[in-house]
Structures are given as structure tokens and as C-alpha cells.
Amino acid sequence: MPFDLVIEIPNEPGALARVAAAISDAGVNLAAATCMGTAEQVELHVLVPHAEAARHALALSQLAVTREREVVVVDVEDRPGVLADLTRKVAASGVDLDLVYVATNNRLVFGSYDLDGLKTALGL
117 MPFDLVIEIP
127 NEPGALARVA
137 AAISDAGVNL
147 AAATCMGTAE
157 QVELHVLVPH
167 AEAARHALAL
177 SQLAVTRERE
187 VVVVDVEDRP
197 GVLADLTRKV
207 AASGVDLDLV
217 YVATNNRLVF
227 GSYDLDGLKT
237 ALGL
């Protein structure tokens with residue numbers, strides 16, 4: 117079950133490296149990462165297969181997960197229109213997306229407060 121973890125970090129050199137090292141040193145694969153924020157602070161989203169192990173590794177490094185949740189990960193073809201096709205399906209089912217990013221190996225990560233509806237819309 118894939119999880120999106122959010123870690124708030126200062127926007128400074130080495131901050132992302134500390135998070136990535138803490139997670140990978142615990143043997144947890146980082147399948148995706150994206151970050152957004154301001155000049156001072158950013159929200160780093162990471163996709164991991166095991167939230168507990170990643171959370172524990174981050175805590176040992178004095179880094180905290182501020183939010184976490186299960187997400188849907190879909191294998192996709194790398195071609196124009198894939199995101200549009202999938203999001204049209206989701207929209208037609210009446211599900212609101214609040215998170216989308218790209219993961220390794222041609223995969224899309226989707227988050228919604230209606231996770232069951234999202235899975236149904238995507239045929240999962």
C-alpha cells in the first residue's frame with residue numbers, strides 16, 4: 117500500500133539530502149518526491165511503500181512527518197494525453213483530486229479524500 121508522506125523542511129541547501137538519506141538508510145525506497153513552498157519553508161511529499169519504517173527513520177534524524185495518507189499509484193504509458201484521460205475518468209465519477217505527481221517507472225500518484233471512489237474511477 118503506497119503512502120504519501122509530507123515533511124516540512126527549511127528551504128536550505130542539504131535539507132532534501134537529509135530526508136532522502138534518512139529514508140534510504142533505513143532501507144525504504146523513495147519511489148517519488150516533489151516539493152513546493154516558499155523561500156523559507158517547503159512541503160516535501162515523498163512516496164514510500166512502508167510509512168511506518170520511513171516515519172521511524174525520519175524521527176531518528178529529528179525530522180517529522182507532518183501528514184501522511186494512502187494514495188493511488190497507477191502505471192501509465194509515457195505518451196501525450198495519459199493524464200488527461202485518467203483525470204477525465206476521475207472527474208466523470210465525481211471524485212475530487214487534491215494531489216497528483218509523477219513517480220518513477222512511468223507511474224502517476226493520485227490523492228483524494230474519497231480514496232475508494234478514486235480507486236473505482238480508475239478501475240482498481
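All residue numbers for the sequence shown refer to the working numbering, where the first residue is 117 and numbers rise by one.
Just so it is clear, CB atoms sit at the ideal spot from N, CA and C, and this is done for glycine as well.
If you're wondering where the values come from, they're calculated on a predicted model, not measured in any experiment.
Quick check: what's the CA-CA separation for residue i versus residue j?
i	j	result
G210	K235	12 angstroms
H161	A237	24 angstroms
G239	D232	11 angstroms
R183	I123	7 angstroms
Please look up how many angstroms separate the CB atoms of residue i and residue j, rounded, as I've assumed it's under 8 angstroms.
i	j	result
A138	S177	4 angstroms
V218	A148	7 angstroms
E156	N127	6 angstroms
V158	C151	5 angstroms
So what's residue i in DSSP terms, helix, strand or just coil?
i	result
H161	strand
D214	coil
A149	strand
V190	strand
Between the beta-carbon of residue i and the beta-carbon of residue j, is there less than 8 angstroms?
i	j	result
N222	D201	no
V164	L121	yes
V192	F226	no
A244	A131	Past the edges of the chain, shown from 117 to 240, lies residue 244, and the structure says nothing about it.
Run the proximity test for residue i: is its beta-carbon closer than 7 angstroms to any non-hydrogen atom belonging to the ligand FAD?
i	result
E193	Summarising the ligand content, the structure contains no ligands, and the ligand FAD is consequently not present.
With a CB to CB cut of under 7 angstroms and the five nearest residues on each side skipped, what residues in its chain are close to residue i?
i	result
S228	V211, D212, L213, D214 and L234
Excluding five sequence neighbours on each side, which residues of the same chain lie with their C-beta closer than 8 angstroms to the C-beta of residue i?
i	result
M117	P165 and E186
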